[in-house]
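Yeah, the first sequence ends on 1269 if you go by my numbering, and it's all consecutive. Note that the Cβ used here is the ideal one computed from N, Cα and C, for glycine as well. Structure first, commentary second.
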Amino acid sequence: MSYYNPQIIEKKWQKIWKDSKTYKSRVELSKKKFYVLEMFPYPSGKIHMGHLRNYTIGDVTARFYKLQNFNVMHPMGWDSFGMPAENAAIENDVDPKKWTEKNIANMKSQLMKIGLSLDWDRELSTCSDNYYKHQQKIFIDFFNNNLVYKKDSFVNWDPVDKTVLANEQVVDGKGWRSGAVVEKKKLSQWFLNISKFSDELLTDLESLTDWPEKVKLMQSNWIGLSKGAEVEFKISGLKSFIKVFTTRPETIFGASFLALSVEHPFASNFKDDKKFNTFKDTCLKFQENRKFDSEKLGFNTGLFAEHPFLKNIKIPVFFSNYVLINYGNGAVFGCPGHDERDYDFAKKYKLDIKCIIKDKQNELPYCDSQENDKLQNSSFLDNLKLSQAKVSIIDKIVKDELGSEITKFRLKDWGVSRQRYWGCPIPIIYREDGKVLPVDEDQLPIKLPEDTDFSFSGNPLDKHNDWKFTVCPQTGLKAIRETDTLDTFFDSSWYFLRFCSSDSKNIPFTDKEINYWMPVDHYIGGIEHAILHLLYSRFFSRALRECGYKVPKEPFLKLITQGMVCHETFKTKDGKWVEPSKVFFENDSYWMKYREGNISVTKGRSEKMSKSKKNVVNPDSIISEYGADTARLFMISDSPPERDLEWSIDGIKATRKYLDKIFAFLKEKLRFTQSFKNQENLTNEEKKILDFTNGVVDSFTNDIKNYRFNKAVAKLRELSNTLIKSKVKRDLFDYSWSTYLRLIYVIIPHFSQELASLTGLKGLMEDLKWPTSNKKTFDDGLAQIVVQINGKKKFLINVAFGITKEKLVETIKKNSANDDINNKKIKNIIYVPNKLINFVL
RNA sequence: GCGAGCGUGCUGAAAUUGGUAAACAGACAGGACUUAAAAUCCUGCGGGUGGCAACACCCUUGUGGGUUCAAGUCCCACCGCUCGCACCA
429 MSYYNPQIIE KKWQKIWKDS KTYKSRVELS KKKFYVLEMF PYPSGKIHMG HLRNYTIGDV
489 TARFYKLQNF NVMHPMGWDS FGMPAENAAI ENDVDPKKWT EKNIANMKSQ LMKIGLSLDW
549 DRELSTCSDN YYKHQQKIFI DFFNNNLVYK KDSFVNWDPV DKTVLANEQV VDGKGWRSGA
609 VVEKKKLSQW FLNISKFSDE LLTDLESLTD WPEKVKLMQS NWIGLSKGAE VEFKISGLKS
669 FIKVFTTRPE TIFGASFLAL SVEHPFASNF KDDKKFNTFK DTCLKFQENR KFDSEKLGFN
729 TGLFAEHPFL KNIKIPVFFS NYVLINYGNG AVFGCPGHDE RDYDFAKKYK LDIKCIIKDK
789 QNELPYCDSQ ENDKLQNSSF LDNLKLSQAK VSIIDKIVKD ELGSEITKFR LKDWGVSRQR
849 YWGCPIPIIY REDGKVLPVD EDQLPIKLPE DTDFSFSGNP LDKHNDWKFT VCPQTGLKAI
909 RETDTLDTFF DSSWYFLRFC SSDSKNIPFT DKEINYWMPV DHYIGGIEHA ILHLLYSRFF
969 SRALRECGYK VPKEPFLKLI TQGMVCHETF KTKDGKWVEP SKVFFENDSY WMKYREGNIS
1029 VTKGRSEKMS KSKKNVVNPD SIISEYGADT ARLFMISDSP PERDLEWSID GIKATRKYLD
1089 KIFAFLKEKL RFTQSFKNQE NLTNEEKKIL DFTNGVVDSF TNDIKNYRFN KAVAKLRELS
1149 NTLIKSKVKR DLFDYSWSTY LRLIYVIIPH FSQELASLTG LKGLMEDLKW PTSNKKTFDD
1209 GLAQIVVQIN GKKKFLINVA FGITKEKLVE TIKKNSANDD INNKKIKNII YVPNKLINFV
1269 L
C-alpha cells in the first residue's frame, strides 16, 4: 500500500495556502523585493506542457527567493483578447466574452492544481474593461505626445483571418497564425512610433547583462542598424532628384545605373503607362513569393541621371524588383563591379561594369573588400584605402550639399490597427468636421458592445451602428468611432506594470508601487517572444516615460528563455501522424493496433508537442493521475530550463516511484528538525554525511540561483541515495533528511510540507527560511590526489592535506605499485597542490 | 548567402571553466521474493584485449590536425544538426 497520496495532500495544502494568503504580496519598503514573472498565457481553455514547464520553473524561482527572505511578487493574468475567441463566436455563435471567461475559469482551476505560489489577488485579464480603460488612457497619452499617428499604407492583409498583420507577424510571406498567403491592401492605419527609439533600443541592449546573448543578437538584427550616406542624383531634363541610400558611398564612381523600387514615389510619373503597371504587378508578385535568388527584372525608364561627381557621365534609370520600398530610400545606385545583385542586373541588361578596386579586374564582382584594398578609376579617391575613401567621399558629399551621412534602421513603425471585434477599442472619434480626436478621459472606458452580430465577414464593430455613430460631447457635432481595435501585443506590452498596482482605480499604476516592484527581476518565457513581445515592451517603457510616467527604461532585468517540450513522433507509411501512446514495439519495429491487425509505423524525430503531429500530452491528466509534485519534479530534473525537454511517461512513472519510496521511508522514520547540535562523538562515516549534507545545501543553492535545476535535483538524489544506505545516529539522520526536505520544498512543496508536518513540524515550511550550511564542518586532514603518468590517470592516493611536492613524490615512490615511477627516468613532475600530480616520463 | 549556437553511452544529461570523462536519471538485461504476474529490492550497463576469477592493461567526447606536463573544454580545417535573418543597398 502506498502511503503517498498526492491527490489528497496537494488539495489540502493548496487550500491552506489559499486560506492563509501565504503568497499575497505587499509593498514593504524595509524588505528587498523580488518580482518573478512568467509570460502570461492566452486563455485557450486548457493548459499545455509548455505552460506547466514555464510555471514550474517560475515557481521554483519564486519560492526559492521567498525563502531567501526576499519580498516576492509572483502574479498571474490572462492575455485574453485575440482571434480564437472571435473565431469561436463566428463558428459556434458564442459570445467571445463568455467564451473567454469560461476558458479562464477552466485554466485557472488547472493552474491551481499545480500548486503555484501565485498571488491571485493581482490577477488581471486584458479583455476586462478594468484593464483596457487604462490602456485607452495610455493610447491617448501616446496620441498627445506624437507617439501614435495615422497613415495610409499598404498593409499585410491576411485573407483568412481578414485582418492586418504587422511585418513581424508575417512569416515567409504567410500569416503567423493562419498560414495564409498574405496580400497587400491599402488602409488607413494607426502606427506607434517605435522607430523613434531605434537607436536607444539598440544601444541599451548592452545594459541587459542578464539577458541571453542570443536574444539580444536577435533584437539587434531586427532593429538592423546600417551606417552610410544619402546621395542625390539629378534626373536629366527633369527637375526631379532621386535620393539614394548606400552603405558604401566610396564605390560611387563605380555606379553605372540607378535602380528604383516599383513602389518608389518616382513611379507616379509612369502611373498611366500600361507596360509599367504590368511590370509593377509582376515585381510585387515576385517580391511576395521570393524564396532564394529570384530573377532580376528591369524596366528601363529611358531617363538618365547625372553622376554627382562626373558631370559628363549619365547613367540609365531603371525600376527593378530587387529594390525594396521598405528599406533605405527604395532606390539604389548600381555598382555592378562590387555588388552581386547589381552585377546580375548589369549583366542581364548589358550595362557598364566598372572595376574601381585595384587589381581586382579579374575577380568581379568583388564584394567583400580587404583592409588594404585601394581605389582606382575614382577621381579624387584614387589610391585611397576604402576606409579612408569613405571618410573623404562623405566629407565631399556634405560639403557639396549632395547629401548627408546617415544611419538607417530596418525597424519600422508598429502598425497596431486590427479590423477585429475582440480587442481593445481605440479611443478615437472622427468628427463630421474632419477632426480626429481622442475620446475625453472621463468617458473611458470605451467598452465593446455586447450585442454584436458575427454573421458577416469583416469587422463587426464597423457594422454596429449604435456603437459606431456618436456625437462629440464638446460640440454636439456628429462623429464616428474608430472601429479598429488594438493589436494584442499592445495589451501585453505593459501588463507587468499593471501587476504592480492591479487594484489602482483611476490610474494605470502608482509611482510608489512601480518604484518598489519594477523592474521585473526574473522574466521567464518562451524563446518565440525573443523579438516581438520583448521589443514592444522595451519600447513601451520608453514611450511611457515620454508621457511622464515614472517607469524604468528596461522592464526586465533577467530573462530566462525556456526550451520547448518535445515528444517522439510516429507516422504510418502513408504519412499520417500517430499518437505515441498507441504505438508499441515488437520484433525490432514499431506497430500500431488497427482494427484486427497491426500496421507498421515509423518513428520520426522528437518534435515540439503539437496537435498536428498528434504528440501532445495533456498535463492536467498527468497531474490528476500522478500528482502535481511528480509532474513538477519531472519537468525540471531532466534538462536545464533553456534547453528542449524530452517528455517521457517512463520518466513520470519513475519520478512518482521515487517520491513513493521517500515518502514511505520518511513517514516512518523521520523526526523533523531544523538543527543538529550534538556534533561530538561522530564516526568517520557520520562526519562525512554531515559534511555532505552541508555541501549539498551550498551546491543546491547555487544551482537554483543559476537555473541549473537538473543539477540541483541530481545532487539531492545523491543525498537521498546516500542517506538511505547509511546507518547514522538518530540526530544526524533527522537533521540531514530535514535539510533534504527543506531544499526540495521549492520544487515539490506539497510533498515536502506534508512530510515535515507528519514528522513534527508545526506550521509552514515557508516560515523556516532557507537552510544554511555550516560549510566544511569536519576535516579529516587528508587530501585525495590523482596520480598521473604522462597526463593519464593511474591511481589515487590519500595523503596529509598540504603535503609538499617532495614529500608526495617520496610517498608515491615508496608505496607505488607502478614500476615506471621508480624505474624510468622522470623528465618532469607537475604538482597541483592537494589535487593532482603528473609524472612526465 | 549572412549571423549565432550545438555535436559526450541505447536515451536525457553531468564534468568546479585546462586537471579522475560519463555524476544523477530513463530504457534495457540478469537475479531475489512469488504458483505466476505486478509492485518492491539487489546487480550490471561506452568499447576492446587478456584471465576460471578478483583483476590488469589499452582505447573512447562528430572527423582530422595543432597548442600544452595535461584537451570534452583552447586554436585551425572539415563534416553534420538546430535556430535567427535574408535581394537590407
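Relative to the Cα of E529, the nearest Cα in the group L620, K1252, F509 and H961 belongs to F509.
Assignment of G478 by DSSP, reduced to helix, strand and coil, places it in the helix class.
If only uninterrupted beta strand (DSSP E) runs of at least 3 residues are considered, those enclosed by the segment 433-515 are 461-466 and 499-501. Cα atoms of D589 and F582: separation of roughly 17 Å, rounded to the nearest angstrom.
A check of alpha carbon separations from D632 across V1174, A958, S648 and L620 identifies S648 as the nearest. In terms of Cα proximity to G765, the closest of G756, W842, A683 and G726 is A683. Excluding its 5 nearest sequence neighbours in each direction, A759 has C-beta neighbours in its own chain below 8 Å: I670, K671, V672, F673, L686, A687, L688, S689, H692, F694 and V751, listed in chain order.
Between Y483 and L544 the beta-carbon gap is near 6 Å, inside 8 Å, which marks them as a contact. Judged by beta-carbon spacing, S453 lies within the 7 Å limit of D547, meaning their Cβ atoms are closer than that value.
V1260 sits in a strand when the DSSP states are folded into three classes. Per the coordinates, the alpha-carbon of N805 lies some 41 Å from the alpha-carbon of L629.
Taking the Cα of E982 as reference, the smallest distance to any Cα among S965, Q990 and M477 is reached at S965. According to DSSP, S616 shares a beta bridge with D580. The segment 1039-1074 contains, as complete alpha helix (DSSP H) runs of 4+ residues, the segments 1047-1054 and 1056-1065 (chain order). Here I542 carries a coil assignment [DSSP, helix/strand/coil]. For D1162, there is no enclosing beta strand (DSSP E); the enclosing alpha helix (DSSP H) covers residues R1158 to I1172.
Contact check for C900 against R848 fails: the beta carbons are separated by 7 Å or more.
Between H479 and A490, the CB-CB gap reaches or exceeds 7 Å. If you draw a 10 Å sphere on the C-beta of D949, you find 16 or more other C-beta atoms in it, and that means buried. Under the Cβ criterion (8 Å, minimum of three pairs), the segment 865-880 does not count as touching the segment 610-624.
P640 sits in coil when the DSSP states are folded into three classes, being neither helix nor strand. F761 is the residue among N705, L593, F761 and N621 whose C-alpha sits nearest the C-alpha of R676. Linking L1192 to L1186 through their CA atoms gives a straight-line distance of about 12 Å. For G953 and I988, the gap between their C-alpha atoms comes out near 7 Å. Closest in alpha carbon position to E869, among D861, K863, I857 and G862, is I857.
The count of Cβ pairs closer than 8 Å, one atom from the segment 882-889 and one from the segment 914-933, stays below three, leaving the stretches out of contact. Remark: three or more beta-carbon pairs, one from each stretch, lie closer than 8 Å, so the segment 838-853 and the segment 901-917 are flagged as touching. Sixteen is the threshold: since fewer than 16 other Cβ atoms of the shown chains lie within 10 Å of the Cβ of A1228, the residue is exposed. The segment 1211-1229 makes no contact with the segment 457-477, as fewer than three CB pairs between them are under 8 Å. The C-beta distance from I1080 to T1111 rounds to 39 Å, too long to meet the 8 Å contact threshold. Bridge pairing for M1020: V1011 and I1027 [DSSP]. Within the same chain, and ignoring the five residues on either side of L653 in sequence, the residues whose Cβ sits closer than 7 Å to its Cβ are L630, T835 and F837. Within the segment 743-803, the runs of alpha helix (DSSP H) that reach at least 4 residues and sit entirely inside it are, in chain order, 768-776. With a contact defined as Cβ atoms closer than 8 Å, V1214 and L1264 qualify at about 4 Å. Annotated three-state conformation of G1079 is helix, per DSSP. 7 Å or more divides the Cβ of N749 from the Cβ of Q798.
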